[in-house]
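Participant: Using my numbering, count along the sequence shown one by one with no gaps and you end on 443. Quick one: this structure, given as structure tokens, is what I'll be asking you about.
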Amino acid sequence: MAQANNTFRETTRTSWFGRLKEALTGILVGLVLVAASLVLLFWNEGRAIKTYRALTEGAGSIIAIDVARVDPANEGRLVHIAGAFAPKGTPADADLGVSAEGAVRLIRKVEMYQWQETSRSETKTKLGGGEETVTTYEYSKDWSSEPVDSSKFKVPDGHGNPAMPIKSGDFPVASGDLGAFSLTGEQIGGLGERKAIALAEADAARIKDRVAPTRSARIDQGRVFIGYNLDQPWIGDLRISYDAAHLPQVSAAGAQKGNGFTDYVTSNGQTIFLTQAGIVSAAQMFADAQTGNTIVTWVLRAAGLVLLLIGFSLILRIFGVAGDVIPVFGDVVRFGTGLIAFLLTALLGSLAIALGWFYYRPLWGLAILATGVLIAGFLWYRGKARAKSAPALAAS
């Protein structure tokens with residue numbers, strides 16, 4: 048292993064037979080990924096349609112109620128309410144003695160100056176099918192809110208990180224009043240506008256005594272710096288800051304339960320409970336929820352298709368490895384297997400999505416399946432056309 052300051056290089060060599068063994072293992076992993084991605088794609092379509100139908104049902108049956116009084120006649124019904132929110136109590140970090148009067152949530156952010164490891168690899172295929180990989184590990188110092196486990200570094204010696212004495216945390220109020228009704232801290236979740244709290248020197252002294260009593264502390268841009276040199280921090284130095292989330296108004300949609308709210312169960316078994324900051328109409332809340340459902344659906348589709356492509360690539364990888372006895376030939380084979388993996392992803396991915404729609408919406412399922420078949424057919428035709436034209440160009 049070569050070393051230069053905080054940069055280390057490692058060269059590894061893998062024989063052709065070793066790569067074949069890895070490729071065979073990759074086939075098993077690929078099969079698992081293909082199966083898992085197909086299940087994910089099918090399940091996602093069912094989830095999306097069930098959620099759409101539940102939200103449509105909810106938007107059509109919700110009623111607006113008076114925020115000033117609790118009507119027992121609405122018990123269990125899907126209701127919409129909006130108004131001024133008054134938190135009960137004060138969110139506080141009891142460990143460090145910081146609180147935020149009038150806020151619904153106090154957020155503590157802790158950063159520690161730590162060693163960070165980054166790596167990059169360059170791989171070359173040798174004649175005979177073997178590979179040589181040069182991996183470069185680089186070590187730098189930076190602030191991080193997450194503990195970095197230096198014991199897992201490739202070169203831990205000289206790059207050790209201490210344990211974080213305290214970590215980031217969230218401190219919500221237990222509940223708050225919305226007119227005559229009540230919402231729990233969990234129900235308002237991450238709502239509210241966050242603003243930084245400017246800490247004072249007295250806060251710095253108290254926090255230092257509780258976190259690192261043997262070190263010095265000072266205020267820097269409203270946050271506490273625990274260490275000896277602000278301009279040249281040491282490994283293990285800390286920065287601690289706080290945000291307060293304020294929520295003057297809130298809107299909620301859910302099943303009325305006493306003077307509170309719970310999930311509303313729709314006819315297809317899905318649950319509805321929505322909250323948004325500010326005064327928002329029921330129609331807008333459900334429209335936003337439908338938009339969120341669409342975004343989640345497409346994100347999961349993309350994730351499923353990427354996993355499917357990776358799975359097929361792993362299954363077909365062995366052909367490229369076999370061809371790497373002559374590296375240029377291996378590249379040609381990999382191009383072909385890459386095209387096949389893409390075709391299989393387009394065909395089977397659209398098939399899984401279409402089957403999900405078939406189960407819930409047959410006509411849309413047919414349209415999606417036809418689109419996938421057309422795309423796969425077009426790409427296959429283009430591939431064959433290129434393959435036929437290549438010999439003709441070579442002959443000329």
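Idealized CB from N, CA, C, for every residue including glycine.
(1) Between the Cα of residue 179 and the Cα atoms of 288, 286, 168 and 187, which residue gives the shortest distance?
(2) To the nearest whole angstrom, what separates the beta carbons of residue 8 and residue 154, a pair I think is in contact under 8 Å?
(3) Expressed to the nearest angstrom, what Euclidean distance is found between the alpha-carbon atoms of residue 88 and residue 407?
(4) Where does residue 189 sit, in a helix, a strand or coil, going by DSSP?
(5) Roughly how many angstroms lie between the CA atoms of residue 367 and residue 354, to the nearest whole one?
(6) Is the separation between the beta-carbon of residue 302 and that of residue 313 shorter than 8 Å?
(7) DSSP three-state label for residue 201, please.
(8) Taking the straight line between their C-alpha atoms, what separation do you get for residue 363 and residue 318?
(9) Quick check on residue 308: does DSSP put it in helix, strand or coil?
(10) Return the residue from the list 159, 358 and 369 that minimises the CA-CA distance to residue 188.
(11) Which residue spans inside the region 226 to 289 form an unbroken alpha helix (DSSP H) run of at least 4?
(12) Please name the residue or residues paired with residue 219 in a DSSP beta bridge.
(13) Where do the N-terminal and C-terminal ends of the alpha helix (DSSP H) with residue 124 fall, by residue?
(14) Can you tell me where the beta strand (DSSP E) with residue 54 in it begins and where it stops?
(15) Rounded C-beta distance between residue 225 and residue 299? I'm assuming under 8 Å.
(16) Our contact map puts residue 268 next to residue 208 with C-beta atoms below 8 Å; I'd like the distance itself, whole angstroms only.
(17) Checking the sheet assignment: what are the DSSP bridge partners for residue 162?
(18) What is the rounded straight-line gap between the Cα of residue 202 and the Cα of residue 190?
(19) Measure the C-alpha to C-alpha separation of residue 152 and residue 107 and round it to an integer number of angstroms.
(20) Based on DSSP bridge pairs, tell me the residues matched to residue 298.
(21) Would the beta-carbon of residue 427 fall within 8 Å of that of residue 390?
(22) Indicate whether residue 322 and residue 343 have their beta-carbon atoms separated by less than 8 Å.
(23) Below 8 Å on the Cβ atoms is my guess for residue 229 versus residue 192; work out the distance and round it to an integer in Å.
(24) Is residue 245 near the ligand NAD, with its Cβ less than 7 Å from a heavy atom?
(25) Taking Cβ positions, are residue 136 and residue 221 nearer each other than 8 Å?
(26) Helix, strand or coil for residue 119 per DSSP?
(27) Helix, strand or coil: which one does DSSP assign to residue 146?
(28) Using only the alpha-carbon positions, how far apart do residue 65 and residue 278 sit?
(29) How many angstroms separate the CA atom of residue 377 from the CA atom of residue 383?
(30) Between residue 80 and residue 403, is the Cβ-Cβ spacing less than 8 Å?
(31) When the Cα of residue 262 is compared with those of 286, 132, 246 and 399, which residue comes out closest?
(32) Look at residue 251 and residue 243 and say whether their C-beta atoms are less than 8 Å apart.
(33) Leaving aside the five residues before and after residue 443 along the sequence, list all residues of the same chain whose C-beta is less than 7 Å from its C-beta, in chain order.
(34) If distances are taken between C-alpha atoms only, which option among 336, 394 and 90 comes closest to residue 101?
Facilitator: Based on what the coordinates show:
(1) When C-alpha distances from residue 179 are compared across 288, 286, 168 and 187, the shortest belongs to 168.
(2) Beyond the ends of the chain as shown, which are 48 and 443, falls residue 8; an answer cannot be given.
(3) Near 14 Å, if we compare the C-alpha coordinates of residue 407 and residue 88.
(4) Look at residue 189 here: in three-state DSSP terms it is strand.
(5) The C-alpha of residue 367 lies about 20 Å from the C-alpha of residue 354.
(6) Using a Cβ distance threshold of 8 Å, residue 302 and residue 313 do not count as a contacting pair.
(7) The answer is coil: DSSP assigns residue 201 none of H, G, I, E or B.
(8) CA-CA distance, residue 363 to residue 318, rounds to 43 Å.
(9) Strand.
(10) The option with the nearest alpha carbon to residue 188 is 159.
(11) Within the region 226 to 289, the runs of alpha helix (DSSP H) at least 4 residues long that lie entirely inside it are, in chain order, 232 to 235 and 248 to 258.
(12) Residue 219 is bridged by DSSP to 152.
(13) Careful: residue 124 lies outside any alpha helix (DSSP H) and carries neither H nor E.
(14) First-last of the beta strand (DSSP E) with residue 54: 54 to 61.
(15) Contact flag correct, Cβ pair sits at about 7 Å.
(16) Residue 268 to residue 208, Cβ: 24 Å. No contact.
(17) Residue 162 pairs with 188.
(18) For residue 202 and residue 190, the distance between alpha carbons rounds to 20 Å.
(19) Cα to Cα, the separation comes out at about 33 Å.
(20) Beta-bridge partners assigned by DSSP to residue 298: 129 and 323.
(21) Yes, Cβ-Cβ distance for residue 427 and residue 390 is below 8 Å.
(22) Against a cut-off of 8 Å, the Cβ pair of residue 343 and residue 322 comes out as no contact.
(23) Between residue 192 and residue 229 the Cβ distance is about 33 Å, and since that is not below 8 Å, they are no contact.
(24) In terms of ligand content, the structure shown is empty, and the ligand NAD therefore cannot be addressed.
(25) Judged by beta-carbon spacing, residue 221 lies within the 8 Å limit of residue 136, meaning their Cβ atoms are closer than that value.
(26) In the structure shown, residue 119 sits in a helix (DSSP, three-state: H, G or I).
(27) The answer is strand: DSSP assigns residue 146 an E or B state.
(28) Their backbone Cα atoms lie some 50 Å apart in a straight line.
(29) Residue 377 and residue 383: Cα-Cα distance of roughly 10 Å.
(30) Contact: no.
(31) Taking only the C-alpha atoms, the option nearest residue 262 is 286.
(32) The answer is no: Cβ separation not under 8 Å.
(33) At residue 443, the pLDDT of 46 sits below 50, so the modelled position is not reliable; the number obtained from the coordinates is stated separately. Around residue 443: no qualifying Cβ.
(34) Among 336, 394 and 90, the Cα nearest to that of residue 101 is on 336.
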